[in-house]
Amino acid sequence: LIDPLHTTISTLLPKVRLGLMDKSYITDNVLNNDVVKTNPEAHLFVSKTLKVMSNPSLLCSESGINNTLFCRRLPKAVLLMVGLYSKTIKAFDYSTNSWITVHTRHSLEDHMTRLGFYRTVFLDRYLYILGDSLRLLGPSNRMWRFNLVTHTWQEMSPMHKSQTNMSVTVLKGRIYAMGGLRNHTSLRTAERYQPNKWTFIASMNEERSNASCTTLDNKIYICGGQSNRVLNTAEYYNPDTNQWTLITPMGTHRCGLGVVAYMGHIFAVGGSDGSRDLRSAEAYDPETNTWYDVPEMVHTHWDFGIAVMDKRIFVVSCWEKKIVECYDYTTNTWSVNEKFGLNRSCEAQYCKGQEVVMSHDTHQMSNESTMTNV
């Protein structure tokens with residue numbers, strides 16, 4: 498009888514991170530294994546791997562290489578971060594507390610160095626960038642998406658309005674863009690994207706720019722921001738009725754804040770009250786329509802990235818502090834998680850492993866589709 502391993506070894510070996518193993522172990526044990534030696538395809542694969550390992554220029558560097566054999570596996574969820582006026586995209590691996598640079602090809606890299614104050618959302622396997630402000634040219638209505646499988650950029654249908662500092666989120670597979678700033682005036686208009694087409698939805702009750710939003714129980718919640726003043730108001734949108742409804746105002750006026758849904762509540766974190774940056778945080782209980790205080794962060798944060806991952810809230814601040822903090826409900830405390838170097842401000846997006854191909858072992862994509870340097 499033929500050992501099934503003889504016929505499957507050439508398929509199984511590419512799943513092993515051979516590049517992370519000791520070269521002598523591969524030579525003495527893998528290459529000389531009876532099954533590998535009798536399978537020409539497997540033997541050739543191991544030989545090529547050893548050849549690559551002998552060339553230092555092809556090994557993993559700080560920014561990684563385009564070969565998953567030499568790169569550690571990522572967990573099933575990562576944070577993606579995009580720097581403003583920068584061509585950098587980074588992925589945060591919370592399991593190792595480290596950042597990895599994501600390289601792009603045929604991309605907007607040169608153009609991205611002129612983009613600022615845009616917003617990002619993650620949908621399916623794409624990272625969308627929209628509502629940017631081109632240096633010296635002002636607001637734009639253009640939108641691009643970055644394919645996390647092919648590592649390429651594609652320009653999509655533009656929004657109806659050119660704006661910056663709007664709030665964006667995804668609900669039921671559709672992208673929503675709300676409020677924003679145009680000609681120094683805050684907006685209350687809102688648009689919805691599906692697929693490759695923008696349509697207006699009901700306008701908000703308040704004009705808002707530099708607000709923040711999230712989704713919970715099939716509703717969009719948007720909080721704070723500014724118009725002719727810093728706001729403490731909040732409201733939610735019901736897509737079934739195409740209607741916005743005001744809720745109890747926050748206890749603190751906030752713009753440049755971060756808002757996320759966490760443990761069934763809406764958390765509003767940091768920002769500025771118009772005179773100072775804030776460390777404070779509060780949470781909204783939809784069942785009681787009330788806000789309650791949450792422990793303060795370690796540092797003040799304004800205009801930052803925020804996401805929920807691994808049952809924690811991550812705050813990514815990039816202007817000056819270059820700090821990541823995280824909140825854990827089990828301890829009801831904030832802690833500084835990581836310091837790193839990234840220019841200017843940033844946008845952070847959460848990517849689930851069941852939605853994004855991060856490496857050969859994650860997802861519902863072909864094994865040939867991988868994220869560069871992951």
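In this note's numbering, the protein residues as written are 498 to 871.
Here a beta-carbon is modelled for each residue, glycine too, at the ideal position from N, C-alpha and C.
Since the structure is predicted, the reported quantities are computational estimates derived from the model, not experimental observations.
- By the criterion of a C-beta distance shorter than 7 Å, T787 is surrounded in its chain by T745, once the five residues flanking it on both sides are discounted.
- Residue burial annotation: T827 is exposed, with fewer than 16 other C-beta atoms found within 10 angstroms of its C-beta.
- In terms of Cβ geometry, M663 and M653 do not form a close pair [threshold 8 Å].
- Bridge partners of Y733 according to DSSP: Y718, T742.
- Contact between the region 733-745 and the region 706-723 is present, with at least three C-beta pairs closer than 8 Å.
- DSSP lists no beta-bridge partner residue for V533.
- As far as DSSP is concerned, M760 takes part in no beta bridge.
- Collapsing the DSSP output to three states places E688 in a strand.
- Counting C-beta atoms within 10 angstroms of its own C-beta, P636 has 16 or more neighbours from the protein chains shown and is therefore classed as buried.
- Comparing alpha-carbon positions, the option among F811, G767, I586, Y824 lying closest to N729 turns out to be G767.
- Membership of I698 in the beta strand (DSSP E) is indicated by the continuous run 695-698.
- Here R642 is buried. Its C-beta has 16 or more other C-beta atoms within 10 Å.
- Per DSSP, L713 lies in no alpha helix (DSSP H); the unbroken beta strand (DSSP E) holding it starts and ends at 709-713.
- Here V543 has L510, L515, I523, V527, L528, V533 as same chain residues with Cβ atoms under 8 Å from its own Cβ, once five neighbours each way along the sequence are excluded.
- The Cβ-Cβ distance between T598 and L668 does not fall below 8 Å.
- Put simply, the backbone Cα of G771 is about 10 Å away from that of G722.
- In the DSSP annotation of this structure, the continuous segment of the beta strand (DSSP E) that includes I820 starts and ends at 820-825.
- The C-alpha of F619 is placed about 29 Å away from the C-alpha of P792.
- In the three-state DSSP reduction, F801 falls in the coil class, being neither helix nor strand.
- Cβ contact annotation for S700 (same chain, cutoff 7 Å, sequence separation greater than five): R685, T686, A687, in chain order.
- DSSP places K548 within a helical segment (H, G or I) once states are collapsed to three.
- Distance from A778 to Y789 at the Cβ level is roughly 10 Å; contact not present, criterion being Cβ atoms closer than 8 Å.
- When DSSP reads this structure, Y625 sits in a beta bridge with V618, R642.
- In the three-state reduction of the DSSP assignment, P501 falls in the helix class.
- With 16 or more other CB atoms across the displayed protein chains lying within 10 angstroms of its CB, N536 is buried.
- Rounded to whole angstroms, the gap between the alpha carbons of F589 and L541 is 34 Å.
- Where Q651 is concerned, the enclosing beta strand (DSSP E) starts and stops at 650-653.
- Here N829 has P792 as same chain residues with Cβ atoms under 7 Å from its own Cβ, once five neighbours each way along the sequence are excluded.
- Annotation: the continuous beta strand (DSSP E) that includes D782 extends over 778-782.
- By the criterion of a C-beta distance shorter than 8 Å, C823 is surrounded in its chain by R809, I810, F811, V812, W831, S832, N834, once the five residues flanking it on both sides are discounted.
- DSSP, reduced to helix, strand and coil, places P636 within a strand of the structure shown.
- In the DSSP assignment, R809 falls within the beta strand (DSSP E) that extends over 809-814.
- Linking L566 to V646 through their CA atoms gives a straight-line distance of about 17 Å.
- Here T797 has G767, R773, D774, L775, R776 as same chain residues with Cβ atoms under 8 Å from its own Cβ, once five neighbours each way along the sequence are excluded.
- A straight-line Cα-Cα distance of about 13 Å links K658 and Y690.
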